[in-house]
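Step one of this worksheet: look at the structure below.
Number of protein chains: 2
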Amino acid sequence: MKFLIDRIRQIIRVSESEEKILQDLFIEKQLSKGDHFLAENQVCRWLGLIHRGLVRYYINVDGEDKTYYFGKEGDFVCDYESFLPQKASNKNIQVLEDTSLYTISHQGLQHIYDHLKEGDRFGRLGIEQVFVNILQQLTSFYNDPPELRYQHFLDAYPEISQRVPQYYIASYVGIKPQSLSRIRNRSIKKH
Amino acid sequence: MKFLIDRIRQIIRVSESEEKILQDLFIEKQLSKGDHFLAENQVCRWLGLIHRGLVRYYINVDGEDKTYYFGKEGDFVCDYESFLPQKASNKNIQVLEDTSLYTISHQGLQHIYDHLKEGDRFGRLGIEQVFVNILQQLTSFYNDPPELRYQHFLDAYPEISQRVPQYYIASYVGIKPQSLSRIRNRSIKKH
Numbered sequence: 001m002k003f004l005i006d007r008i009r010q011i012i013r014v015s016e017s018e019e020k021i022l023q024d025l026f027i028e029k030q031l032s033k034g035d036h037f038l039a040e041n042q043v044c045r046w047l048g049l050i051h052r053g054l055v056r057y058y059i060n061v062d063g064e065d066k067t068y069y070f071g072k073e074g075d076f077v078c079d080y081e082s083f084l085p086q087k088a089s090n091k092n093i094q095v096l097e098d099t100s101l102y103t104i105s106h107q108g109l110q111h112i113y114d115h116l117k118e119g120d121r122f123g124r125l126g127i128e129q130v131f132v133n134i135l136q137q138l139t140s141f142y143n144d145p146p147e148l149r150y151q152h153f154l155d156a157y158p159e160i161s162q163r164v165p166q167y168y169i170a171s172y173v174g175i176k177p178q179s180l181s182r183i184r185n186r187s188i189k190k191h
Numbered sequence: 192m193k194f195l196i197d198r199i200r201q202i203i204r205v206s207e208s209e210e211k212i213l214q215d216l217f218i219e220k221q222l223s224k225g226d227h228f229l230a231e232n233q234v235c236r237w238l239g240l241i242h243r244g245l246v247r248y249y250i251n252v253d254g255e256d257k258t259y260y261f262g263k264e265g266d267f268v269c270d271y272e273s274f275l276p277q278k279a280s281n282k283n284i285q286v287l288e289d290t291s292l293y294t295i296s297h298q299g300l301q302h303i304y305d306h307l308k309e310g311d312r313f314g315r316l317g318i319e320q321v322f323v324n325i326l327q328q329l330t331s332f333y334n335d336p337p338e339l340r341y342q343h344f345l346d347a348y349p350e351i352s353q354r355v356p357q358y359y360i361a362s363y364v365g366i367k368p369q370s371l372s373r374i375r376n377r378s379i380k381k382h
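Protein chains in written order, with our numbering: chain H, 1 to 191; chain C, 192 to 382.
Quick look at the structure:
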C-alpha cells in the first residue's frame with residue numbers, strides 16, 4: 001500500500017500509527033475493462049484512489065451515454081454528489097482499462113476525519129483540488145469555444161488522450177465526434 | 192456578529208475563546224447595488240458570508256455578461272477557483288441589492304484552519320456543501336433540457352426569482368431571454 005500512503009502524504013502528515021489505521025480502512029480492488037465502479041441508481045459508497053488504470057464518468061440521457069469526466073493514476077474516483085449525502089447516483093463510473101484501486105467506505109472516511117490528527121485537513125485539501133478542476137470545467141462551458149475546451153482536455157489529461165476512444169472525448173468537450181475530428185485535423189495542420 | 196457565529200455553528204462546534212478569534216478575523220463590509228465584490232483579473236482575496244442582500248457571479252465573454260451563479264443571505268460568497276490557489280480570477284461577483292457581508296481574508300481563513308479545533312472541519316464541510324451544488328449544476332448541463340434547468344433554478348433559489356432580472360436567470364439557465372419567457376408562459380398556463 002506504499003502508493004496509497006505516499007499519495008495521502010502528498011496532502012497531509014501521517015504518523016506511523018495513523019498509517020496503520022489507513023491500511024486497515026482501505027481495501028484493494030481489481031476491476032476489469034468494462035466493469036462499473038458505480039452504476040446509476042446505486043449509492044456511491046466508496047471513494048477510490050486509482051493505482052493503475054483509467055475510468056470515465058458518464059450520464060445516460062435518453063439512452064445515450066454522455067462522458068463528462070475521466071480519472072487516471074493517482075486520482076481519487078468518486079461521485080461526490082452521491083457519496084457526500086449518501087443518496088442514489090444518476091451517474092456511472094466505468095473502467096476503461098483493467099484498473100487497480102484502493103477504496104474506502106463512506107463510514108471509513110468519517111473514521112479518518114474523526115481519528116487522524118489531520119483527517120479533516122485531508123478531506124478539505126482533497127476536495128479543494130477536485131473542486132477547482134470541476135469549477136474550471138463548468139465555467140469553460142459558459143466561456144470557451146469547443147477548440148479551447150478540447151485544448152483544456154489535452155492539458156488536463158496529457159497522457160491519456162491516446163488511451164480514450166475519441167467519441168468519449170467529443171462528449172467531454174460537448175460536441176459531436178465529427179466536429180472533434182475537424183478540430184483535430186485543423187490542429188494537426190497548424191503544427 | 193451573532194448571524195456570523197450562528198451560521199458557523201451550523202457547521203462546527205465553536206468554543207467561547209474561538210468565537211473571539213472569529214470575531215477578530217471577520218470584518219463587516221457594506222456594498223451598494225452595482226458594486227463588485229470581485230472584478231475579473233483581480234485575485235479573490237476574501238471569502239464573504241452574506242448577511243443581507245444578493246449577488247450574481249458572471250463571466251464576460253466577448254463583451255457579453257454571462258451570469259452563472261447567485262448568492263443570497265446565509266451563503267458564502269467566493270470565487271474558489273481564484274481564492275483557493277490565490278490566482279487572478281476570470282470572474283466577476285456583483286452586488287444586485289445593497290448587501291452586508293462578513294468577510295475573511297485568505298490568510299485569516301488559514302488561521303482558522305490552523306487554530307480552531309474544528310477549523311479544517313469547517314473548511315471541509317463548507318466546501319462540501321458548495322461542491323455538491325456546483326456538481327448538480329454541471330451535470331444538469333449535460334443532462335437536462337432548459338425547462339428542467341429553469342426548474343432547478345427555482346428550486347435552488349425559491350425566494351429570489353422575483354429579485355433577479357429575468358435576463359440574468361436566462362443566462363444562468365443557458366438560454367436566450369425570449370426562450371425563458373416562453374418557458375415561463377407555458378409553465379403559467381399549466382398551473
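Don't be surprised by glycine CBs; every beta carbon is placed ideally from N, CA and C.
Length of the line joining the Cα atoms of residue i and residue j
| i | j | result |
| --- | --- | --- |
| L245 of chain C | K33 of chain H | 48 Å |
| A156 of chain H | G174 of chain H | 16 Å |
| L240 of chain C | S372 of chain C | 32 Å |
| D266 of chain C | D35 of chain H | 40 Å |
| R45 of chain H | H297 of chain C | 33 Å |
| K263 of chain C | P349 of chain C | 11 Å |
| D6 of chain H | Q166 of chain H | 33 Å |
| R247 of chain C | Y259 of chain C | 8 Å |
| D114 of chain H | T139 of chain H | 34 Å |
| I11 of chain H | D256 of chain C | 37 Å |
| Q137 of chain H | S370 of chain C | 25 Å |
| T103 of chain H | E219 of chain C | 43 Å |
| L148 of chain H | L154 of chain H | 10 Å |
| L25 of chain H | V132 of chain H | 27 Å |
| D270 of chain C | L109 of chain H | 27 Å |
| F83 of chain H | T99 of chain H | 21 Å |
| F3 of chain H | L213 of chain C | 38 Å |
| K381 of chain C | S352 of chain C | 19 Å |
| H343 of chain C | V286 of chain C | 22 Å |
| I8 of chain H | I379 of chain C | 53 Å |
| Y363 of chain C | N185 of chain H | 33 Å |
Beta-carbon proximity list for residue i, same chain, < 8 Å, skipping 5 on both sides
| i | result |
| --- | --- |
| S206 of chain C | K308 |
| P177 of chain H | Q166, Y167 and A170 |
| V77 of chain H | F37, L47, G48, L49, I50, V55, G71, I93 and L101 |
| R163 of chain H | L54, L96 and E97 |
Unbroken alpha helix (DSSP H) run spanning residue i, endpoints
| i | result |
| --- | --- |
| Q129 of chain H | G119 to N143 |
| F274 of chain C | Y271 to F274 |
| V173 of chain H | Q166 to V173 |
| N376 of chain C | P368 to K381 |
| L154 of chain H | P146 to A156 |
| L216 of chain C | E207 to L216 |
| Q107 of chain H | H106 to H115 |
| I203 of chain C | I203 of chain C -> no alpha helix (DSSP H), and no H or E assigned at all. |
Close-in-space but distant-in-sequence residues of the same chain around residue i (CB under 6 Å, 5 per side omitted)
| i | result |
| --- | --- |
| E288 of chain C | K224, G244 and L245 |
| E210 of chain C | I196 |
| S208 of chain C | none |
| M192 of chain C | Q214 |
| E81 of chain H | none |
Run of the beta strand (DSSP E) containing residue i, from where it starts to where it stops
| i | result |
| --- | --- |
| N251 of chain C | L245 to V252 |
| D65 of chain H | E64 to K72 |
| L38 of chain H | H36 to L38 |
| I93 of chain H | N92 to V95 |
Expected contact under 8 Å - CB spacing of residue i and residue j to nearest Å
| i | j | result |
| --- | --- | --- |
| L222 of chain C | I134 of chain H | About 28 Å separates the two Cβ atoms, so there is no contact after all. |
Cβ shell of residue i (< 7 Å), same chain only, five flanking positions each side left out
| i | result |
| --- | --- |
| I374 of chain C | P337, E338 and Y341 |
| G310 of chain C | I303 and Y304 |
| Q86 of chain H | V43 and H106 |
| R13 of chain H | E118 |
Residue i: CB within 6 Å of a non-hydrogen atom of the ligand NAP
| i | result |
| --- | --- |
| I11 of chain H | Judged by which ligands are present, the structure shown has none, so any question about the ligand NAP falls away. |
Original post:
Taking contact to mean at least 3 C-beta pairs separated by less than 8 Å, is the region 315-326 of chain C in contact with the region 122-133 of chain H?
Top reply: Yes, since at least three Cβ pairs between the region 315-326 of chain C and the region 122-133 of chain H fall closer than 8 Å, the two stretches touch.
**OP:** Decide if the region 88-95 of chain H is in contact with the region 30-46 of chain H; the criterion is three or more beta carbon pairs, one per stretch, under 8 Å apart.
**Re:** Yes, since at least three Cβ pairs between the region 88-95 of chain H and the region 30-46 of chain H fall closer than 8 Å, the two stretches touch.
Subject >> Touching by the beta-carbon criterion (3+ pairs, under 8 Å), the region 138-145 of chain H and the region 242-262 of chain C >> reply: Contact between the region 138-145 of chain H and the region 242-262 of chain C is present: 3 or more CB-CB pairs across the two stretches fall below 8 Å.
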